[in-house]
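Number of protein chains: 2
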Amino acid sequence: MLYSRYFIPTVKETPSDAEVVSHQLMLRAGMIRKLAAGIYNYLPLGLRSIRKFENIVREEMDRAGAIELLMPSVQPAELWQESGRWSFYGKELLRFKDRKEGEFCMGPTHEEVITDMIRREIKSYRQMPINFYQIQTKFRDEIRPRFGLMRGREFIMKDAYSFDVDSSAADESYDRMYQAYIRIFERCGLNFRAVEADSGTIGGSFSHEFMVLADSGEDGIASCDSCRYAANVEKAEARPLPSVPAGELLPLEKIATPDMKTIADVAAFLKLTADRTVKTLVYASGSGEFVMALLRGDHELNEIKLKNSLGWDEIEMATEEEILRITGSPIGFLGPLGLKEKVTVIADLVVEGMANVAMGANEKDMHFINANPGRDFSVERFADIRMVVAGDACPRCQEGKLEMWRGIEVGHVFKLGTKYSTALNATYLDADGKEQVIFMGCYGIGIGRTVAAAIEQNHDENGIIFPLPLAPFHCSVVALNAKDGDVMAAAGEIYSKLVQLGVETLFDDRDERPGVKFKDNDLIGIPLRIVVGSKGLAEGKVEVKIRKTGEVLLLPVEEGIARIKQLVDAALV
Amino acid sequence: MLYSRYFIPTVKETPSDAEVVSHQLMLRAGMIRKLAAGIYNYLPLGLRSIRKFENIVREEMDRAGAIELLMPSVQPAELWQESGRWSFYGKELLRFKDRKEGEFCMGPTHEEVITDMIRREIKSYRQMPINFYQIQTKFRDEIRPRFGLMRGREFIMKDAYSFDVDSSAADESYDRMYQAYIRIFERCGLNFRAVEADSGTIGGSFSHEFMVLADSGEDGIASCDSCRYAANVEKAEARPLPSVPAGELLPLEKIATPDMKTIADVAAFLKLTADRTVKTLVYASGSGEFVMALLRGDHELNEIKLKNSLGWDEIEMATEEEILRITGSPIGFLGPLGLKEKVTVIADLVVEGMANVAMGANEKDMHFINANPGRDFSVERFADIRMVVAGDACPRCQEGKLEMWRGIEVGHVFKLGTKYSTALNATYLDADGKEQVIFMGCYGIGIGRTVAAAIEQNHDENGIIFPLPLAPFHCSVVALNAKDGDVMAAAGEIYSKLVQLGVETLFDDRDERPGVKFKDNDLIGIPLRIVVGSKGLAEGKVEVKIRKTGEVLLLPVEEGIARIKQLVDAALV
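As given, the protein sequences belong to chains A and B, one line each in that order.
With my numbering, letter number 300 in the first sequence gets 376, and the count goes up by one each step, no holes.
With my numbering, letter number 270 in the second sequence gets 346, and the count goes up by one each step, no holes.
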């Protein structure tokens, strides 16, 4: 590709509305342009990277025996009503009416559509296992689209759906996809982890997320420093901590704590450490139910664990008004004692082992000290509802401690079980002619998000450093002086030879200063570069530069070309 | 690909809701399944054909210097308001609001989005000519979606947009695309014509349609039997016919024609041929304007010509009520004499040369005879507003006559001029630093529609006969008896060799009767077939069958393979 005939509108300034590095660099490198909130044009260079990744995904899906098809973006409401998600899925599901007042939505995912197809076409156990995938444009009406392709509203996704005769066959399909995902992200040259995850609104029995590690990652991940346990913090299990030796249980006392509304305030005022206090939170189900959750003062609530432990579909903090009604107290002084309304009280496992704690008295400016669970207040259930923290004991092995890091979710595999097949009545006849429900799995990869995550993980102050398998071009040939006929001829010849060798090459033939060319080539992250100048040519040599390491080799022309070819082949496993 | 591990749900019965052959065969061959009106799942086999065609299109676009990008489906209303199409585009534009009440639409086309991108990125004449294309999913909320992929609501399209410094440069871009389109449809092995066309709602100065010829085509096409003139009947020009020798102008007479409401009735009653009558139609602009159109009785009105000649944006037949108000007469007796309201009267060119005609008297059950234009009724304008018919003189050359045939529109190239660049203020600085408006062209190809059109043109009573470049597989290897180990081994080996040679092969390894296999292979239209049976193998031979001609060759195994490879290479130019 000739740079002069291509379209790479690079930008010097960092765009002010781009918060994360990948978003900034994709804008600056001319890979994407915003059309509306969370909706982007993929410019030529961006599309090339997207296609590179799509092809890796496609190859590994095919290799794993999945079959490609393509389902529509626009989906009829009927199917979503049948699965129950029409009412369950919130405002992220973009709904609209067509000209005949028929109700439709833009597909954020395709469980309903594929299950509908399957229930019509799959009749016999002989037709399974079968696994379909597509690479398709989805829409989720995110409330806060941001970070460029990282959390867009319209985005490209690979989604796959497996269909099996029973749970253990479904496990095998799940494992095949899990392994395919490992290969996909390995082939991309990314540093990633597969972690246990919450199944969220897709539902289902278990799931793993594939996380590209990056400091800017939105997701917290906990992993054991000893065994292979790794989980999203949303899901990471906490072991009960050893009980604090109770000592003598002191008498409960109510004391004034004027304006002490935070745990920090109260602890400082009472000359206690935060881990001697209990904090109280009130949550609502959105359908009229409330719960009071108790945690050790220095711990954070894990809303997802709390929601799952209650079996609720949704969870949100109770409003000040609701809290006042239930406890009779303003926020800052809440506790489980002396409630105005009956409400379920759940305490974190850690609270069970605490003694002589400070907690709110459900009265403005008042706290209890020396409160003791069981003696002074009752708890309906102790459950693991807190966020794990670094140093927590590993929930799997005996020795390890948890480490915390950040990741970007780029893939997700779910074992769905029979959630959708039961709802949509997708059944088959087994070998005995008996009707059975089909077992399903579903498997997603964010295409644009993976490219963005690759950039989050691989960049420096000069721009993107693409892993070669995702780079829009493998190599650039930079002619130092476009006005020098000899240089241009030599560079053109090198370009042709590289192309003949199957090296995807961008020939920077622009009549620009070398500095401008180097800056642009660094910014757009082409992994390999051959610089052709009159000085080098006089000795029959060119400069080969490796973007990632900064290494520069002065090599005879043919050797330079061979070196590039060798580096490309080595990176494309 | 092993047939047994693939997914080709063929159907014996012709689906009752499929009116056209391509729709029937695509359903029966397991290529597509309907999800909702005009919205289809592309099953694996269908998707393969779609991808084949996409790749041909992509290669030819790249070869023509167009640059691939990808724009979103969801587009903000603002851009459409800026171009003026938000109000102009009817209900085909699917509109909706997002969760924040922002107005959006599903893109039926991308002039607004690309022009918006261009006005931000193109500043100088040096950046042009430039041409962008995408292969993308569009949505048009058709009032009557039908014929499968032929007139769907959600569909895949290749659209390209060229940007030039002036009109003559834009002509060059147009011509490059025109030539690329010729190559694309030639490479597909389709019988097609490029015809002059009306520019429709896209607007612009001139355009050509690419039509795949097929009896079932929705579009009428007129072409000269002598010169290269070809046009959509919507656009095809009529030459004024030689005047009928007037002879004596007879006195106007009003006579009773009880219940004679059609031209045929009136002509028979008056013992005239229909070409001695004038028919009168009343049309409305949708915004309060009306026109009366006069035609020779045996001619048909061309609504598009009438609309264009009036400069209206829309046109529709006036209602019975409106007609009664304007003429004072019920339908069937209309004419230009004695109107109740002032209305523009336009007559077809042919009417100018007529004399002593019969026409309605604007009175129930009454007609005039011997009416003469000029003498008895006045016409504000004579214009070409009729449909051409077979045998009409060619509007271009002196000798030719028009022939009529049917075609399916699969591609369309438009010279847009400055319609969108003016509306969206897309300008550049010329060599003198002066601001100029960019000239545009736009170029579409219906991807799914082309595959469907290929089937309309190429099928027989047994199923599809794919042109090899569009076939989901080039060749199938049919093992006659899947239980015979020798046959399966030999067939497997042939399959492997074909795959190694780059022949895309479907290995029909199913344990089914030969009849079932042949029927399925005929139905899905694989162009080439190797049949492996124990009888042939005993002599070291296989059967090579060519789907299109029915030709069967009994050849030694290696020769059979070589023959297939040769046929594939010959078809893939």
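Idealized CB from N, CA, C, for every residue including glycine.
For the 8 angstroms CB-CB criterion, E485(B) and E285(B) form a contact. Its chain contains G280, M516, G517, C518 as the residues whose beta carbon lies nearer than 6 angstroms to that of L492(B), once the 5 sequence neighbours on both sides are disregarded; these appear in chain order.
Among the CB atoms of chain B, one or more fall inside 8 angstroms of the CB of A112(A). In this model, R372(A) and V421(A) are separated by some 14 angstroms (Cα to Cα). E537(A) and K624(A) have their alpha carbons spaced roughly 12 angstroms apart. C-alpha of S244(A) to C-alpha of I297(A): approximately 28 angstroms in a straight line.
I258(A) and E365(A) have their C-alpha atoms some 42 angstroms from each other. Sequence-ordered contacts of the stretch 139-150 of chain A with chain B read G141, I143, E144, L145, L146, M147, P148, S149, V150 [C-beta pairs closer than 9 angstroms]. Residue pairing from DSSP places Y519(A) in a beta bridge opposite A236(A), V489(A). For the C-beta of K167(B), the chain A residues within less than 8 angstroms are, from N- to C-terminus, R175. Contact check for R605(A) and S552(A): beta-carbon distance about 5 angstroms, within the 8 angstroms limit, so the pair qualifies. In the structure shown, the three-state DSSP call for D468(B) is coil. Counting the other Cβ atoms within 10 Å of the Cβ of E324(B) gives fewer than 16, which makes it exposed. Residues of the stretch 492-524 of chain A that bring their beta carbon within less than 8 angstroms of a beta carbon in chain B are absent altogether. Taking a 10 Å sphere around the C-beta of V97(B), we find 16 or more other C-beta atoms and assign the residue as buried. The Cβ of E130(A) sits no closer than 8 angstroms to any Cβ of chain B. For the beta strand (DSSP E) assignment, the uninterrupted runs of no fewer than 3 residues enclosed by the stretch 570-597 of chain B are, from N- to C-terminal side, 581-584. Residues are counted here when their Cβ sits less than 9 angstroms from a Cβ of chain A; for the stretch 79-94 of chain B these are R81, Y82, F83, P85, given in chain order.
Between L170(B) and D174(A) a beta carbon distance of about 6 angstroms is seen, short of the 8 angstroms cut, so the two are scored as contacting. Linking F223(B) to R525(B) through their CA atoms gives a straight-line distance of about 10 angstroms. Not a single C-beta of chain A is nearer than 8 angstroms to the C-beta of V133(B).
Here V426(A) really is in contact with L317(A); their C-beta atoms are around 5 angstroms apart, less than 8 angstroms. About 14 angstroms separates the beta carbon of R315(A) from that of N378(A), a gap too long to meet the 8 angstroms contact definition.
Secondary structure of L505(B) (DSSP, three-state): strand. Contact note: N534(B) does not reach chain A at a C-beta cutoff of 7 angstroms; the least C-beta distance is about 23 angstroms. Three or more beta-carbon pairs separated by less than 8 angstroms link the stretch 612-619 of chain B to the stretch 562-579 of chain B, which places the two stretches in contact. R315(B) carries a coil assignment under DSSP once its states are collapsed to helix, strand and coil. Not a single CB atom of chain B sits nearer than 8 angstroms to the CB of R227(A). Listed along the chain, the chain B residues whose CB falls inside 7 angstroms of the CB of D217(A) are D174, R175. One finds S149, T213 in chain B with Cβ atoms closer than 7 angstroms to the Cβ of T213(A), taken in chain order. It is roughly 14 angstroms from the alpha-carbon of L119(A) to the alpha-carbon of A547(A). Closest option to W162(B), judged by alpha-carbon separation, among D335(B), E179(B), L146(B), R229(B): E179(B). Leaving aside the five residues that flank E136(B) on each side, the residues in its chain whose CB is nearer than 6 angstroms to its CB run, in chain order, A256, R259, I260. At a beta-carbon threshold of 7 angstroms, none of the residues of chain A lie near V579(B); the nearest stands roughly 18 angstroms away. In terms of Cα proximity to E310(B), the closest of D598(B), I380(B), P148(B), N131(B) is I380(B). By the Cβ-count criterion, D335(B) is exposed, with fewer than 16 other Cβ atoms from all chains shown falling within 10 Å of its own Cβ.
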